[in-house]
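Visitor: Residue numbers (the UniProt record's numbering): 1 to 333.
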């Protein structure tokens with residue numbers, strides 16, 4: 001950091017305050033999403049519910065450490081600019097918590113890629129490799145900071161900061177791209193089911209895009225403004241964005257379930273019209289309509305007990321077993 005005579009409160013205490021406000025808002029959203037998850041996840045396996053609870057505890061500790069950092073600088077050392085030179089123990093601990101939480105969440109997304117890809121080792125290993133590099137680099141840097149007394153000492157490991165933040169953003173983009181690639185391969189030409197796949201792809205894009213933006217923002221702000229705390233405001237949001245992205249995908253299963261049930265209801269109410277139309281329809285069209293109806297019934301029966309990624313995996317397998325590969329897609333062009 002710069003000397004106390006050159007410190008400015010707007011880009012030091014000010015950005016810490018703004019970052020804390022944003023973190024508090026995201027933590028509130030996390031609490032709401034966690035509550036909704038445990039209200040609706042009675043059929044999820046115990047390890048998944050326990051993992052979500054563990055991630056919520058980590059996020060709560062992260063928020064408590066942010067509060068301690070703000071209290072130390074703004075209350076305990078009120079109008080003491082010398083205190084801004086040294087990082088607090090809570091700030092150092094948050095570095096470790098952030099990378100532990102991110103590693104667990106990325107592992108969940110990696111497992112989804114494994115399911116959706118049908119056991120593609122290349123995709124799985126690439127995601128896991130990036131996640132482990134980020135975890136090792138983050139933990140190594142976080143532990144090393146306990147031996148540093150000032151923020152200026154961080155520059156000794158500047159290359160680790162740049163590499164970790166760069167890999168962080170790359171891992172998020174690659175994870176989202178891998179999920180979208182696997183989902184896109186599940187498309188079959190059926191309008192209703194392809195619409196659900198598109199919705200799942202949107203969730204995947206949102207998972208990686210926002211977190212990547214904040215990772216890159218943290219990297220750029222530290223590289224261009226290493227003497228202030230702007231990079232901290234970006235860095236403090238990362239674990240909360242990751243956890244909210246995970247909870248959003250888990251809680252979206254009910255919305256997907258309602259869409260399927262709503263579609264089934266419309267089809268049931270319109271059945272007489274379809275019956276009259278089937279008399280004049282071609283055999284290929286009739287076969288596709290029956291397969292589409294069977295697929296919606298299959299989804300409505302099984303969606304209660306699967307996650308959104310597992311739903312897409314079952315969707316792909318069911319499509320391949322119901323439809324003949326020769327002329328199926330051609331009839332929907």
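All C-beta atoms, glycine included, are put in the ideal place defined by N, C-alpha and C.
These figures come from a predicted structure and were not determined experimentally.
Please list, in chain order, all residues of the same chain as residue 102 whose beta carbon is under 8 Å from its beta carbon, the five residues on each side excluded.
Guide: Here the set comprises 131, 134, 135, 138, 168, 238, 239 and 242.
Visitor: Can the beta-carbon of residue 251 be found less than 8 Å from the beta-carbon of residue 73?
Guide: Going by C-beta atoms, residue 251 is not nearer than 8 Å to residue 73.
Visitor: Where do the N-terminal and C-terminal ends of the alpha helix (DSSP H) with residue 86 fall, by residue?
Guide: No alpha helix (DSSP H) holds residue 86; DSSP gives it neither H nor E.
Visitor: Give the DSSP-derived three-state secondary structure of residue 235 in the structure shown.
Guide: Helix.
Visitor: Considering Cα atoms alone, identify which of 125, 144, 151 and 245 is closest to residue 87.
Guide: Out of 125, 144, 151 and 245, 151 has the C-alpha closest to the C-alpha of residue 87.
Visitor: Does the separation of the CB atoms of residue 248 and residue 23 fall below 8 Å?
Guide: Not in contact: residue 248 and residue 23 (Cβ atoms no closer than 8 Å).
Visitor: Provide the residue span of the alpha helix (DSSP H) that contains residue 142, from first to last.
Guide: Note, residue 142: alpha helix (DSSP H), 121-145.
Visitor: Does the beta-carbon of residue 63 have 16 or more other beta-carbons within 10 angstroms, so that it is buried, or is it exposed?
Guide: The residue is buried, with at least 16 neighbouring Cβ atoms inside 10 Å.
Visitor: Mark residue 121 as exposed unless 16 or more other C-beta atoms lie within 10 angstroms of its C-beta, in which case mark it buried.
Guide: The residue is exposed, with fewer than 16 neighbouring Cβ atoms inside 10 Å.
Visitor: Applying the criterion that 16 or more other CB atoms from any shown protein chain within 10 Å of the CB defines a buried residue, is residue 201 buried or exposed?
Guide: Buried, since its Cβ has 16 or more Cβ neighbours within 10 Å.
Visitor: With DSSP as the reference, label residue 228 as helix, strand or coil.
Guide: Three-state DSSP puts residue 228 in coil, outside helix and strand.
Visitor: Give the secondary structure of residue 78 by DSSP, where H, G and I count as helix, E and B as strand, and everything else as coil.
Guide: Here residue 78 sits in coil by DSSP.
Visitor: Residue 233 and residue 19 look like a contact to me (Cβ under 8 Å); what is the Cβ gap, rounded to whole Å?
Guide: Contact flag correct, Cβ pair sits at about 3 Å.
Visitor: Within this structure, are the beta carbons of residue 142 and residue 96 separated by less than 8 Å?
Guide: A contact, by the Cβ cut-off of 8 Å.
Visitor: Quick one: what's got a C-beta closer than 7 Å to residue 113's C-beta in the same chain, skipping five residues either side?
Guide: Cβ neighbours of residue 113 beyond the five flanking positions: 123, 124, 127, 178, 179 and 182.
Visitor: Can you have a look at residue 59 and say buried or exposed, based on whether 16 or more other CB atoms are within 10 angstroms of its CB?
Guide: So residue 59 ends up on the buried side.
Visitor: Less than 8 Å between the C-beta atoms of residue 219 and residue 165, yes or no?
Guide: Yes; because the gap between Cβ atoms is below 8 Å, this pair is in contact.
Visitor: Taking 7 Å as the limit between beta carbons, can you name the residues of its chain near residue 148, skipping five residues before and five after?
Guide: Within the same chain, residue 148 has close Cβ partners 154.
Visitor: Three-state secondary structure (DSSP) at residue 184?
Guide: In the structure shown, residue 184 sits in a helix (DSSP, three-state: H, G or I).
Visitor: Leaving aside the five residues before and after residue 246 along the sequence, list all residues of the same chain whose C-beta is less than 7 Å from its C-beta, in chain order.
Guide: Excluding sequence neighbours, residue 246 sits near 105 and 108.
Visitor: Can the beta-carbon of residue 176 be found closer than 8 Å to that of residue 217?
Guide: No. Outside cutoff.
Visitor: Using a Cβ-Cβ cut-off of 7 Å (strictly less than) and excluding sequence neighbours within five positions of residue 93, which residues of its own chain qualify?
Guide: 65, listed in sequence order.
Visitor: Which residue from 229, 146, 17 and 222 puts its Cα closest to that of residue 67?
Guide: Answer by Cα proximity: 17.
Visitor: Quick one: give me the first and last residue of the alpha helix (DSSP H) that residue 65 is part of.
Guide: Here the alpha helix (DSSP H) through residue 65 covers 46-71.
Visitor: So, with DSSP's three-state summary, where would you put residue 252?
Guide: Coil, per DSSP.
Visitor: Going by Cα to Cα distance, which pick from 9, 61 and 228 is closest to residue 78?
Guide: With distances taken between Cα atoms, residue 78 lies closest to 9.
Visitor: Can you tell me whether DSSP reads residue 11 as helix, strand or coil?
Guide: In the structure shown, residue 11 sits in coil (DSSP, three-state: anything other than H, G, I, E or B).
Visitor: According to DSSP, simplified to helix, strand and coil, what is residue 118?
Guide: In this structure, residue 118 counts as coil in the three-state DSSP scheme.
Visitor: Considering only residues of the same chain and omitting the five flanking positions on each side of residue 110, which have a CB-CB separation below 8 Å?
Guide: Excluding positions up to five away in sequence, the list reads 124, 127, 128, 131 and 175.
Visitor: Hey, would you say residue 173 sits closer than 8 Å to residue 221, going by beta carbons?
Guide: Contact: no.
Visitor: Just checking my contact of residue 244 with residue 33 at CB under 8 Å: how many whole Å lie between their CB atoms?
Guide: Contact flag correct, Cβ pair sits at about 6 Å.
Visitor: Are there 16 or more other CB atoms within 10 angstroms of the CB of residue 42, so buried, or fewer, so exposed?
Guide: That one is exposed.
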